[in-house]
Amino acid sequence: MKGHPQQSIEFLKNEGRVNWHDETLWWVRQRRDNAAHGLTEWERLREKASEIKDYTLSHLDELLLNFEEKAIQNGIRVHWAGDAKEHNQIVHRILKEKKIDFVVKSKSMLTEECGLNHFLEEQGIEVIDTDLGERIVQWMQQKPSHIVLPAIHLKKGDIGAVFTEKLGLPQTNDAQVLTEAARQDMRKYFVASKVALTGVNFGLAKEGAFVVCTNEGNADMGVHIADVHIASMGIEKLIPKQEHLGVFLRLLARSATGQPITTYSSHFRSPSPGKEIHLILVDNGRSAILGKPDFRSSLKCIRCGACMNTCPVFRKTGGHSYESVIPGPIGAILSPHKDPVRYKSLPFASSLCGSCTAVCPVKIDIDKQLYLWRQELSKKDNMGRAAHFLAGEILASPSWFNFGSRSFYFFHKKFPALVNRLLKPFTGKRPLPEAAPQTFREWYKKNA
Ligand code: SF4
77 MKGHPQQSIE
87 FLKNEGRVNW
97 HDETLWWVRQ
107 RRDNAAHGLT
117 EWERLREKAS
127 EIKDYTLSHL
137 DELLLNFEEK
147 AIQNGIRVHW
157 AGDAKEHNQI
167 VHRILKEKKI
177 DFVVKSKSML
187 TEECGLNHFL
197 EEQGIEVIDT
207 DLGERIVQWM
217 QQKPSHIVLP
227 AIHLKKGDIG
237 AVFTEKLGLP
247 QTNDAQVLTE
257 AARQDMRKYF
267 VASKVALTGV
277 NFGLAKEGAF
287 VVCTNEGNAD
297 MGVHIADVHI
307 ASMGIEKLIP
317 KQEHLGVFLR
327 LLARSATGQP
337 ITTYSSHFRS
347 PSPGKEIHLI
357 LVDNGRSAIL
367 GKPDFRSSLK
377 CIRCGACMNT
387 CPVFRKTGGH
397 SYESVIPGPI
407 GAILSPHKDP
417 VRYKSLPFAS
427 SLCGSCTAVC
437 PVKIDIDKQL
447 YLWRQELSKK
457 DNMGRAAHFL
467 AGEILASPSW
477 FNFGSRSFYF
487 FHKKFPALVN
497 RLLKPFTGKR
507 PLPEAAPQTF
517 REWYKKNA
């Protein structure tokens, strides 16, 4: 683990890539704005979604039990997983019972979080990611860099080269040709697969049903051909009833890509005759976040990615620099719950401009939580605490302040290269401007 600052430096070395990554995501953000401005009730929808999620989180225990009961009545086999390991073992057990050696999987950030692909591959089971972006990063042995646009860090030329290597396709940047080649290649896996894995976008507590949203139809293709559907769902994905779904579906696609609705919003209530649906309800640290009043609203997230597209830090440094499954502003407040040491740099990867909070369709106070995390993490940082103490003492005393600022001015004017070298860990690539010919106090004394 290098940490966000170091990874960002790597990303920033390729200025061309930084610029198009920034511009592409800003274009997606603008599409989101256009779509949002097209609905006069947009702010009311956000408010409503936030309230529904508030209600859900404060009644999660009873809603989950109700959901389980109804789902079982509908013929769905429900499993509970306390953590990632348990989730993976449940999936493996089902696959082993069915003597399965490969599965098709649509995009699911939860299975990424659980490290499912890696786990199954260690058990000798091949996983074919069927979302096009996920398939590309899987071929390249990379992680998704964005939760909605997993291959957004790659240019068409990079993708064309992978298709040449993996499918023998002549090098091309034509997106239509590449997509068609992926579709033809994928088809043989769909047809042969006995088990399909999906994530879950929304669980409907009253109905005991769930909804999976995709733009490519790959989840539906996998699930309808296979005999067994295994769906992995974070316990926070619940909403009280189907009646509430419209609020979220209207917000989700508009916030994610600027589309009025996701191309496929597929509802699963009960298995077709002769088929099975297994639903795995996963906690993996969510209950612990629920128990923290300042941070619990982060569980409202519907994984639209809008906070990433708008974040100036994310756009300029790329998703991989976060080194966490969920990158960007929401990742920066979720990941330290899992490991505050490993992810200690993430809450500082923000200008605290609040743009993430302004676009979030479920009104999560992301910037406030980033700031709270900084305070939490600073308590554990002895160097930081000492620096803050020293700064507090100097700023509180006019004589120390005058002495400090005069000394700094003197050294900066006389030895600018040395001062810049000493400050480089803080100033990075941006050296201090040349010292002014006189201090403000000197100027004030002469001119006031
Ligand atoms: S925090 Fe909000 S904006 Fe960011 S991914 Fe989640 S729902 Fe979308």
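Residue numbers (this note's numbering): 77 to 524. Glycine included, each C-beta is placed from N, C-alpha and C at the ideal position.
Item: Length of the line joining the Cα atoms of residue 370 and residue 487; Value: 44 angstroms
Item: Own chain, CB closer than 8 angstroms to residue 164, minus 5 neighbours either side, in chain order; Value: 190, 191, 192, 195, 196
Item: Pick from 420, 115, 405 that is closest to residue 412, judged by C-alpha positions; Value: 420
Item: Selection from 229, 243, 237 that minimises the alpha carbon distance to residue 96; Value: 229
Item: Euclidean distance between Cα positions of residue 501 and residue 118; Value: 43 angstroms
Item: Span separating the alpha-carbon of residue 387 from that of residue 432; Value: 6 angstroms
Item: Exposure label - residue 140; buried when at least 16 CB within 10 Å; Value: buried
Item: Inter-residue spacing [alpha-carbon to alpha-carbon] between residue 256 and residue 240; Value: 14 angstroms
Item: Whole-angstrom C-beta distance between residue 310 and residue 362, which should lie under 8 angstroms; Value: 6 angstroms
Item: Unbroken stretches of the beta strand (DSSP E), 3 residues or longer, contained in the stretch 132 to 180; Value: 153 to 157
Item: Rounded C-alpha distance that separates residue 208 from residue 258; Value: 7 angstroms
Item: Residue(s) in a DSSP beta bridge with residue 527; Value: Here the chain covers residues 77 to 524 and nothing more, so residue 527 does not appear.
Item: Check: residue 440 C-beta below 7 angstroms from any heavy atom of the ligand SF4; Value: yes
Item: Cβ contact (3+ pairs, closer than 8 angstroms) linking the stretch 263 to 270 and the stretch 231 to 250; Value: no
Item: Same chain, Cβ closer than 8 angstroms to residue 496, neighbours up to 5 away in sequence not counted; Value: 503, 507, 508
Item: Segment contact, 8 angstroms Cβ cut-off, at least three pairs: the stretch 335 to 349 with the stretch 274 to 290; Value: yes
Item: For residue 125 and residue 348, the rounded distance between their alpha carbons; Value: 32 angstroms
Item: Residue 143, buried or exposed, once every other Cβ within 10 Å from all chains shown has been counted against 16; Value: buried
Item: According to DSSP, residues forming a beta bridge with residue 272; Value: 180, 305
Item: Alpha-carbon to alpha-carbon, residue 90 and residue 202; Value: 34 angstroms
Item: Reduced DSSP category for residue 117 - H, G, I as helix; E, B as strand; rest coil; Value: coil
Item: Length of the line joining the Cα atoms of residue 438 and residue 414; Value: 22 angstroms
Item: Nonlocal neighbours in the same chain, by C-beta distance under 7 angstroms from residue 365, ignoring five residues either side; Value: 371, 372, 374, 375, 413
Item: For residue 428, three-class secondary structure by DSSP; Value: coil
Item: Residue 105 beta carbon near the ligand SF4 (any heavy atom closer than 7 angstroms); Value: no
Item: Segment contact, 8 angstroms Cβ cut-off, at least three pairs: the stretch 268 to 277 with the stretch 215 to 235; Value: no
Item: Contact the stretch 297 to 316 vs the stretch 163 to 181: 3+ CB pairs below 8 angstroms; Value: yes
Item: Pairwise C-alpha distance: residue 392 and residue 523; Value: 43 angstroms
Item: Per-residue DSSP class, three states only, for residue 265; Value: helix
Item: Buried or exposed (CB count within 10 angstroms, at least 16 for buried), residue 214; Value: buried
Item: Collapsed DSSP secondary structure at residue 393 in the structure displayed; Value: helix
Item: Secondary structure of residue 361, DSSP reduced to three states; Value: coil
Item: N-terminal and C-terminal residue of the alpha helix (DSSP H) that residue 198 is part of; Value: 192 to 198
Item: Cβ distance (whole Å) where residue 406 is taken to contact residue 377 below 8 angstroms; Value: 5 angstroms
Item: Straight-line gap, residue 79 to residue 456 (C-alpha atoms, nearest Å); Value: 17 angstroms
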